[in-house]
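In our numbering, the protein residues as written are 33 to 176.
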């Protein structure tokens, strides 16, 4: 499994919004500049996030985006499933029950299921708030 640019940039955008969380909306232009991401690329990610009610949007002069809920309510797994589709390491786990005709006698299927479980538990156990806290802690530990 390889996370695409779309998934990585969506996470960076949402972490940026969490870092700049307040009463004002944040423009895509500001996010793009801070994150070094093309504004055009972010414009392609926004509809995905909007359709799942992760973002609140405001158009016009003071327009922009903000998180609809606190950062602690969004997991990395949830965000990556929106942008990547599935987190399954093999195609046969994208369907329930396993969609392969060999599933009944497949010696490797239990291993893939175990890996999938670990991936999901790990990514679903990390929130945007956890990422913020970790970044803050790393900055606090910096000594010259």
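Just so it is clear, CB atoms sit at the ideal spot from N, CA and C, and this is done for glycine as well.
Would you decide whether residue i is buried or exposed? Buried here means 16 or more other CB atoms lie within 10 Å of its CB.
i, result
"residue 37", "exposed"
"residue 157", "exposed"
"residue 41", "buried"
"residue 103", "buried"
"residue 96", "buried"
"residue 45", "buried"
"residue 68", "exposed"
Return yes when the Cβ of residue j is within less than 8 Å of the Cβ of residue i, no when it is not.
i, j, result
"residue 43", "residue 150", "no"
"residue 119", "residue 155", "yes"
"residue 160", "residue 58", "no"
"residue 75", "residue 87", "no"
"residue 147", "residue 121", "yes"
"residue 64", "residue 164", "no"
Name the DSSP bridge partner or partners of residue i?
i, result
"residue 107", "159"
"residue 99", "87"
> On the three-pair Cβ rule with 8 Å, is the stretch 52-60 touching the stretch 106-126?
Replying inline: no
>> Pairs of beta-carbons, one from the stretch 104-123 and one from the stretch 69-87, closer than 8 Å: are there three or more?
In response: yes
>> Suppose only complete runs of 3+ residues qualify. What are the beta strand (DSSP E) ranges in the stretch 34-95, listed by chain order?
In response: 87-90
>> Please give me, in chain order, every unbroken run of the alpha helix (DSSP H) with length at least 4 that falls completely inside the stretch 132-158.
In response: 141-156
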